[in-house]
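To keep things clear, I will list the structure first and then write my remarks on it.
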Amino acid sequence: MPHIDLPEGMPGISAGFNFRPEVAKPMRELAHVLLHDANSLTPGERELIATYVSSQNDCHFCQSSHGAAAACHLGDPSIVDKVKADFLTAPVSDKLKALMAIAGKVRQDGKLVTAADVEAARKLGATDIEIHDTVLIAAAFCMYNRYVDGLGTWQPDNPEMYAQMGQHLASEGYTAPSIRQPVPTD
Amino acid sequence: MPHIALPPGHIGIRGAMAFRPETARPLNDLVEVLLTGPSTLSKGERELIATYVSSLNCTHFCASVHGMIAAAHLGGDEALVRQVKTDFTQANISPKLKALLVIAGKVQNDGKLVTPADVEAARNLGATDIEIHDTVLIAAAFCMYNRYVDGLGTEQPDDEALYRERGRRTARDGYVTTSREYLGDQASPAPAAH
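Laid out in structure tokens, this is it:
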């Protein structure tokens, strides 16, 4: 039960965005630049970072929707489960593992990131922009996760809904809503 | 010493934003709406929420500059800002703002900690749904800005006068307009006057 009078049938962040369109616009644009626009990190890699952080923050809606987007980009849902369980043994590049180590520290507290963490990522080929974007993706999902949880939004357990969202997010990105009408609540 | 090659001469988030104008634009647009847009919470109250959360996250740059922006909106009352950082329950602010700061403090830790009783307490003191929404999002957003500033190892000088000067300017001109100092033409268009 949401803490405030959010529109019914709108899951997770879509309820907050419908309630307050003025903030939805920059929050959508930020996600679009970070996760969808052209980048030397693939959209699948960036969605994995977002999913990992959301999973560590235990935010059901965000880890499910971004996990579905990552699975869509990567064509393999099992990678998502492996990253959530233990990214060190997941079938992803060593560079992405080094970036996830940085993301995990930012999730706890940005001050935990050390020069050695950054050097390790750089030695595996990470560029300054990739390191910057990893830090900001992790930081941004500490916002999105808290927003979704802090309003007490409805976060259904509906794999089909998340799969559809994931397809939309993977193909269209974040500037247009992936939830356009209320979802049945039964 | 920043972890990546940020443009020199810009402190805190300004260095990070100058490095990546594409993300700076929505980051500035969001803070502009939340802290300076039309609201039944005063700008001073909203800056106090941002300052309190930044102080809980121990992010020196954000706690300092938003504290000075808050003070500028509150008639220069830096003692009040210090009291909010130390123990807001004893500060000379409204009971409603105290109830909203309780919610903000829980969001800073984990959004799931906010209870119906916390929200009911704020509502009984006059808080509206939009005020509760914005409190949650200000707290959540500063968990992002703080981690961004700390996670890149940005320069966060220990210079109260510098933050006071910056705070006055941002309180007067807002976030998008001041972002032109480091983004130039790549800044968002100036928002409508408010």
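Line by line, the protein sequences are chains V and W.
Residues in the first sequence are numbered consecutively from 22, following the working numbering.
Residues in the second sequence are numbered consecutively from 58, following the working numbering.
Built from N, CA and C at the ideal position, the CB exists for glycine as well.
Check: Using 9 Å as the limit for Cβ to Cβ distance, is Asp144/W near chain V?
Finding: For Asp144/W, no CB of chain V lies under 9 Å from its own CB, so it is not counted at the interface with that chain.
Notebook entry, point to check: Whose Cβ in chain V lies nearer than 7 Å to the Cβ of Thr80/W?
Noted result: In chain order: Leu51, Val54, Leu55, Leu157.
Item checked: At least 3 beta-carbon pairs within less than 8 Å: the segment 162-172 of chain V vs the segment 205-215 of chain W -> With the cut-off at 8 Å, the segment 162-172 of chain V and the segment 205-215 of chain W do not touch.
Check: Do the CB positions of Val156/V and Arg82/W come within less than 9 Å of each other?
Finding: No, the pair does not count as a contact, with Cβ atoms beyond the cut-off.
Notebook entry, point to check: Do you know whose CA, among Ala218/W, Ser245/W, Asp242/W, Arg229/W, lies nearest Phe118/W's CA?
Noted result: Per the C-alpha coordinates, the member of Ala218/W, Ser245/W, Asp242/W, Arg229/W positioned closest to Phe118/W is Ala218/W.
Checklist line | Chain-order list of residues whose beta-carbon lies under 8 Å from that of Ala161/W (same chain, five-residue window excluded) | finding: Excluding the 5 residues flanking it on each side, Ala161/W has same chain C-beta neighbours closer than 8 Å at Ile106, Tyr109, Val110, Thr192, Val193, Ile195, Ala196, in chain order.
Next item on the list: Please classify Gly131/V: is it buried, with 16 or more other beta-carbons within 10 angstroms of its beta-carbon, or exposed?
Entry: Gly131/V is buried by the Cβ-count criterion.
Notebook entry, point to check: Which residues bound the alpha helix (DSSP H) around Thr93/W?
Noted result: Note, Thr93/W: alpha helix (DSSP H), 78-93.
Checklist line | Beta-carbon separation (whole angstroms), Phe40/V vs Gln176/V, contact threshold 8 Å | finding: Cβ-Cβ separation between Phe40/V and Gln176/V: approximately 16 Å, too far for a contact (criterion under 8 Å).
Check: Mind pulling the chain V residues with CB within less than 9 Å of Val141/W?
Finding: Near Val141/W there are no residues of chain V at all, since even the closest Cβ is about 20 Å away, more than 9 Å.
Checklist line | Minimum Cβ-Cβ distance from His190/W to chain V less than 9 Å | finding: Yes, His190/W lies at the interface with chain V (some Cβ there is under 9 Å from its Cβ).
Note to self: To the nearest angstrom, how far is the alpha carbon of Ala148/W from that of Asp167/W?
What the structure shows: The alpha-carbon atoms of Ala148/W and Asp167/W are separated by roughly 24 Å.
Note to self: Taking 9 Å as the threshold (C-beta atoms), are His94/V and Ala191/V in contact?
What the structure shows: Yes, the Cβ-Cβ distance between Ala191/V and His94/V is below 9 Å.
Note to self: Suppose you measure from the CA of Ala62/W to the CA of Asp207/W; what does that come to, to the nearest Å?
What the structure shows: If I take the Cα positions, the gap works out to 15 Å.
Notebook entry, point to check: Helix or strand or just coil, what does DSSP make of Thr135/V?
Noted result: Of the three classes helix, strand and coil, the one that applies to Thr135/V here is coil, per DSSP.
Check: Since Asn166/V is in the alpha helix (DSSP H), which residue starts that stretch and which ends it?
Finding: Unbroken alpha helix (DSSP H) run through Asn166/V: 149-171.
Check: From the beta carbon of Leu136/V, is the nearest beta carbon of chain W less than 9 Å away?
Finding: Note that residue 136/V is Ala in the sequence shown, not Leu. Yes, Ala136/V counts as interfacial toward chain W.
Item checked: Near-chain V residues of the segment 196-219 of chain W (beta-carbon distance less than 9 Å), N- to C-terminal order -> Within the segment 196-219 of chain W, contact with chain V at the beta-carbon level (separation under 9 Å) is assigned to Ala196, Ala197, Ala198, Phe199, Cys200, Met201, Tyr202, Asn203, Arg204, Tyr205, Val206, Asp207, Gly208, Leu209, Gly210.
Next item on the list: Classify Asn78/V as buried or exposed, calling it buried when 16 or more other Cβ atoms lie within 10 Å of its own Cβ.
Entry: By the neighbour-count rule (16 or more Cβ atoms within 10 Å), Asn78/V is buried.
Checklist line | Rounded separation between Thr206/V and Gly30/V - CA only | finding: One C-alpha to the other measures close to 6 Å.
Note to self: If we require 3 or more residues per run, which beta strand (DSSP E) segments fall completely within the segment 156-235 of chain W?
What the structure shows: Assignment of beta strand (DSSP E) within the segment 156-235 of chain W, counting only whole runs of 3 or more residues, yields no such run.
Item checked: CB contact below 9 Å: Pro173/W versus chain V -> At least one CB of chain V lies nearer than 9 Å to the CB of Pro173/W.
Notebook entry, point to check: At which residue ranges does the segment 30-74 of chain V contain complete alpha helix (DSSP H) runs of 4 or more residues, listed in the order of the chain?
Noted result: For the segment 30-74 of chain V, whole alpha helix (DSSP H) runs of length 4 or above, ordered along the chain, are 34-40, 42-56.
Check: Closer than 9 Å, CB to CB, is Ala178/W near chain V or not?
Finding: Proximity of Ala178/W to chain V, defined by a Cβ-Cβ separation below 9 Å, is not satisfied.
Margin query: Against chain V, which members of the segment 87-113 of chain W pass a CB distance test of less than 7 Å?
Written below: Within the segment 87-113 of chain W, the qualifying residues are Leu87, Val90, Leu91, Gly94.
Note to self: By the DSSP assignment, the alpha helix (DSSP H) with Ile123/V in it spans what residues?
What the structure shows: In this chain, the alpha helix (DSSP H) harbouring Ile123/V covers 115-129.
Notebook entry, point to check: Is there at least one Cβ from chain V nearer than 9 Å to Lys153/W's Cβ?
Noted result: Interface residue (Cβ-Cβ distance to chain V less than 9 Å): Lys153/W is not classified as such.
Notebook entry, point to check: Mind listing which residues of the segment 63-77 of chain W have their C-beta closer than 9 Å to chain V's C-betas, in chain order?
Noted result: Contact annotation: in the segment 63-77 of chain W, residues whose CB is within less than 9 Å of a CB in chain V are Leu63, Ala73, Phe76, Arg77.
Next item on the list: Below 6 Å CB to CB, which residues in the same chain sit around Arg223/W once its five sequence neighbours on both sides are set aside?
Entry: For Arg223/W, the CB contacts under 6 Å within the same chain, skipping 5 residues up- and downstream, are Val122 in chain order.
Notebook entry, point to check: Is any beta-carbon of chain W found at less than 9 Å from that of Tyr168/V?
Noted result: Residue contact check for Tyr168/V against chain W: a CB pair falls below 9 Å.
Checklist line | Contact check, Ala178/W vs Glu188/W, beta carbons under 9 Å | finding: For Ala178/W and Glu188/W, no; Cβs fall outside 9 Å.
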